[in-house]
Amino acid sequence: MRFVSFDQAWAVVRAARPLFPPPPPPPSPGPRRVAGLADLAPAFDGIVLDAYGVLHEGNGVFPEALAAFEAVRAQGIALCVVTNDVTHPPEAVAARLAALGLPVAPDEVISGRSVLPEALAPFEDGRDFAVLGHDPGAVVERLPATRVGTYETTDLDDAAGFILVDTNDWEDDTPERRLIETLRARPRPLVVCNPDITCPFRGRLSLEPGYVAFPLAAALPPGMVRFLGKPWPGVYAQVRARFPQAPRLLAVGDSPQTDILGARGAGMAALLIENGLLRGQDSLARSAELGILPDFVAATV
Numbered sequence: 086m087r088f089v090s091f092d093q094a095w096a097v098v099r100a101a102r103p104l105f106p107p108p109p110p111p112p113s114p115g116p117r118r119v120a121g122l123a124d125l126a127p128a129f130d131g132i133v134l135d136a137y138g139v140l141h142e143g144n145g146v147f148p149e150a151l152a153a154f155e156a157v158r159a160q161g162i163a164l165c166v167v168t169n170d171v172t173h174p175p176e177a178v179a180a181r182l183a184a185l186g187l188p189v190a191p192d193e194v195i196s197g198r199s200v201l202p203e204a205l206a207p208f209e210d211g212r213d214f215a216v217l218g219h220d221p222g223a224v225v226e227r228l229p230a231t232r233v234g235t236y237e238t239t240d241l242d243d244a245a246g247f248i249l250v251d252t253n254d255w256e257d258d259t260p261e262r263r264l265i266e267t268l269r270a271r272p273r274p275l276v277v278c279n280p281d282i283t284c285p286f287r288g289r290l291s292l293e294p295g296y297v298a299f300p301l302a303a304a305l306p307p308g309m310v311r312f313l314g315k316p317w318p319g320v321y322a323q324v325r326a327r328f329p330q331a332p333r334l335l336a337v338g339d340s341p342q343t344d345i346l347g348a349r350g351a352g353m354a355a356l357l358i359e360n361g362l363l364r365g366q367d368s369l370a371r372s373a374e375l376g377i378l379p380d381f382v383a384a385t386v
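Under the numbering used here, the first residue of the sequence shown carries the number 86, and numbering increases by one thereafter.
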C-alpha cells in the first residue's frame, strides 16, 4: 500500500473537479454546525453512513461513531453503509464492521461493486477485461467474461480493457506507470470501481485508485474512463431502492467530493465529518474550494 500527503491528494481532488458530477446549489442559509449525528437522526427516516473516516480508519471503531451508531439503532431508524471500498464483498464488509462492534447486515452494505455488472454490459460483460487488484479472482468468479490481470507489460497490452478494483498491493510506482503507459499507447476502457483519491487509513492517507484514474481520464479520450461508486448516481439509486419508504435520508461522510457531492446530488441531506479526510483542515473552506457544501458539519459523528 502506498501513502500520500494531504497536499498531494488535495491537488488531485481540485484538478479532478471538472470530471465529477455537477454540484447542486449550496444549502440555504448555509452549513449548520451540530454536535454530531445524534442531534439530527430523529428528523430523518434513514441514515446513510460512510465507513472509512466516519466509523473507523482501518483499525478500531471511533468511540463517537459507536455511540452514534447505537443511538440510531435504539431509535429504530433505518441505516445502511455506502462505501467506495470494493475490495471486499458486502458480506465481508458487514463481518468486519460487526467485529468492530457495529452490527450491520450484508444487505445494509452498498458499494460501487454492486453496480459493476451494469457498467460492463456495453463491453460484452467485460470480455477479456483484466481485473486489477489485490484479489482479482474474487471479481472474475462473479464476472466470468473477465480475466485475472497483472501489471506485467505484455499482460496489460493484451487486455481489451481494465477493471481497477483497488491499489492495495501497490508498493511503488511501477503498477501506476505501466497502466498509464499502456493506456496512452492504446486507449481502452478503464472501469474504476473505487473513485476515492485518498482514504484515511490508520492515521495516514492511502493512495486510492482515483489518484491515478482522474489524471488518466483527463488525458484519454472522453468516456474512456468510467467511475462507479460515490459520487455517481448508480450507487445512490441502490440506496433509494434500499429505503423505498424513507424519503428523508441523511448521508454522513468525511469527503466533500464523494460523500457530500453524491448525497446532495441525489436529493439527500448531508453531514460532513471533520475527523476523517479533512482532519486538521478548515473543512468548510476546503469544501468551498470545490463548490461543494454540506447541509451540516460536525467535528465527529
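Think of the CB as a built atom: it goes at the ideal place given N, C-alpha and C, for glycine as much as any other residue.
### Presumed contact (8 angstroms Cβ cut-off) between VAL386 and ALA150, rounded CB distance
Here residue 386 refers to the residue found at position 301 when the sequence shown is read from its first residue. Here residue 150 refers to the residue found at position 65 when the sequence shown is read from its first residue. At roughly 5 angstroms, the Cβ-Cβ gap stays under 8 angstroms, so VAL386 and ALA150 are in contact.
### Task
State the start and end residues of the unbroken beta strand (DSSP E) segment that holds THR168.
Counted from its first residue, the sequence shown places residue 168 at position 83. Residues 163–168.
### Query
Does the separation of the CB atoms of LEU264 and LEU292 fall below 9 angstroms?
To locate residue 264, count along the sequence shown from 1; it is residue 179. To locate residue 292, count along the sequence shown from 1; it is residue 207. Going by C-beta atoms, LEU264 is not nearer than 9 angstroms to LEU292.
### Task
Output the distance between the C-alpha atoms of LEU249 and ARG102, rounded to the nearest integer angstrom.
The residue given as residue 249 occupies position 164 in the sequence shown. The residue given as residue 102 occupies position 17 in the sequence shown. Near 20 angstroms, if we compare the C-alpha coordinates of ARG102 and LEU249.
### C-alpha distance - SER196 paired with PHE214, whole-angstrom precision
Mapped onto the sequence shown, residue 196 falls at position 111. Mapped onto the sequence shown, residue 214 falls at position 129. Roughly 20 angstroms between the two C-alpha positions.
### Task
From the DSSP output, in three-state form, read off ALA348 for me.
Here residue 348 corresponds to residue number 263 of the sequence shown, with the count starting at 1. Helix, per DSSP.
### Where ASN169 falls, given that 16 or more other Cβ within 10 Å makes a residue buried
Translated into the one-based positions of the sequence shown, residue 169 becomes position 84. ASN169 comes out buried.
### Query
In its own chain, which residues sit with a C-beta less than 6 angstroms from the C-beta of SER90, not counting the 5 before and 5 after it?
Looking up residue 90 in the sequence shown gives position 5. Same-chain partners within the cutoff: there are none.
### Message
I'd like the list of long-range same chain contacts for ALA331, defined as Cβ closer than 7 angstroms, with 5 residues on each side in sequence excluded.
### Response
As a position in the sequence shown, residue 331 is number 246, starting the count at 1. So the list reads ASP130, GLY131 and ALA163, once near-sequence residues are dropped.
### Query
Secondary structure at PRO221, three-state DSSP: helix, strand or coil?
Here residue 221 refers to the residue found at position 136 of the sequence shown. Helix at PRO221.
### Message
Which complete beta strand (DSSP E) runs does the segment 196–273 hold, if anything under 3 residues is left out?
### Response
214–217 and 246–249
### Query
What number of angstroms, rounded off, separates the C-alpha of VAL194 from the C-alpha of VAL178?
Position 109 of the sequence shown, counting from 1, holds the residue named residue 194. Position 93 of the sequence shown, counting from 1, holds the residue named residue 178. Their backbone Cα atoms lie some 7 angstroms apart in a straight line.
### Query
Distance, Cα to Cα, GLY376 vs GLN342?
Along the sequence shown, read from residue 1 onward, the residue named residue 376 stands at position 291. Along the sequence shown, read from residue 1 onward, the residue named residue 342 stands at position 257. Using only the alpha carbons, I get a separation of about 9 angstroms.
### Task
Kindly indicate which three-state DSSP category ALA340 falls into: helix, strand or coil?
By 1-based counting over the sequence shown, the position of residue 340 is 255. According to the sequence displayed, residue 340 carries Ser and not Ala. Three-state result, SER340: coil.
### Pair within 9 angstroms by beta-carbon distance, LEU122 and ALA156
For this step, residue 122 is matched to residue 37 along the sequence shown. For this step, residue 156 is matched to residue 71 along the sequence shown. Yes, the Cβ-Cβ distance between LEU122 and ALA156 is below 9 angstroms.
### Rounded C-alpha distance that separates ALA326 from SER199
The count along the sequence shown starts at 1 and reaches residue 326 at position 241. The count along the sequence shown starts at 1 and reaches residue 199 at position 114. Between ALA326 and SER199, the C-alpha separation is close to 13 angstroms.
### Message
Need the endpoints of the beta strand (DSSP E) that PHE381 sits in, please.
### Response
Here the question's residue 381 lines up with position 296 in the sequence shown. First-last of the beta strand (DSSP E) with PHE381: 381–383.
### Task
Drop a sphere of 10 angstroms on the beta-carbon of GLY161, count the other beta-carbons inside from all chains shown, and report buried for 16 or more, exposed for fewer.
Counting from one through the sequence shown, the residue named residue 161 turns up at place 76. Exposed, by the Cβ-count rule.
### Task
Classify ALA184 as helix, strand or coil using the three-state DSSP reduction.
Walking along the sequence shown from the start, residue 184 turns up at place 99. Helix at ALA184.
### Message
Taking the straight line between their C-alpha atoms, what separation do you get for ARG289 and VAL233?
### Response
Position 204 of the sequence shown holds residue 289. Position 148 of the sequence shown holds residue 233. Each residue's alpha carbon lies about 30 angstroms from the other.
### Message
By the three-class DSSP mapping on this structure, what secondary structure does SER291 have?
### Response
Walking along the sequence shown from the start, residue 291 turns up at place 206. Strand at SER291.
### Task
Give me the Cα-Cα distance between TYR236 and ARG271, rounded to the nearest whole angstrom.
On the sequence shown, residue 236 is found 151 positions in, with the first residue counted as 1. On the sequence shown, residue 271 is found 186 positions in, with the first residue counted as 1. Distance between the alpha carbons of TYR236 and ARG271 is about 16 angstroms.
### Query
What three-state label does DSSP hand ARG333 in the structure shown?
Position 248 of the sequence shown, counted from the first residue, corresponds to residue 333. Note: ARG333 maps to coil in three-state DSSP.
### Task
Can you tell me which of the three DSSP states LEU363 falls into?
Start at 1 with the first residue of the sequence shown, and residue 363 comes out as number 278. The answer is coil: DSSP assigns LEU363 none of H, G, I, E or B.
### Query
Of all the options PRO280, VAL225 and VAL337, which has the alpha carbon lying nearest to the alpha carbon of ARG311?
On the sequence shown, residue 311 is found 226 positions in, with the first residue counted as 1. Nearest of PRO280, VAL225 and VAL337 to ARG311, Cα basis: PRO280.
### Message
Please give me, in chain order, every unbroken run of the beta strand (DSSP E) with length at least 3 that falls completely inside the segment 115–159.
### Response
131–134
### Task
Report the rounded CA-to-CA distance for LEU346 versus THR267, giving the unit in angstroms.
Looking up residue 346 in the sequence shown gives position 261. Looking up residue 267 in the sequence shown gives position 182. When rounded, the distance between both Cα atoms is 32 angstroms.
### Query
Tell me which same chain residues have a C-beta within less than 6 angstroms of the C-beta of ARG273, skipping the five on either side of it?
Counted from its first residue, the sequence shown places residue 273 at position 188. So the qualifying residues of the chain are GLY246.
### Query
Could you give the C-beta distance for PHE286 and GLU142, rounded to a whole number, given that I count them as a contact under 8 angstroms?
As a first step, residue 286 must be located in the sequence shown, where it is residue number 201. As a first step, residue 142 must be located in the sequence shown, where it is residue number 57. Contact holds; Cβ gap of about 6 angstroms.
### Query
Between the Cα of ALA244 and the Cα atoms of TYR296, ALA322 and VAL276, which residue gives the shortest distance?
Working through the sequence shown from its first residue, we reach residue 244 at position 159. Among TYR296, ALA322 and VAL276, the Cα nearest to that of ALA244 is on VAL276.
### Task
Report buried or exposed for ASP344, applying the criterion of at least 16 other Cβ atoms within 10 angstroms of its Cβ.
The residue labelled residue 344 in the question sits at position 259 within the sequence shown. By the 10 Å Cβ count, ASP344 comes out buried.
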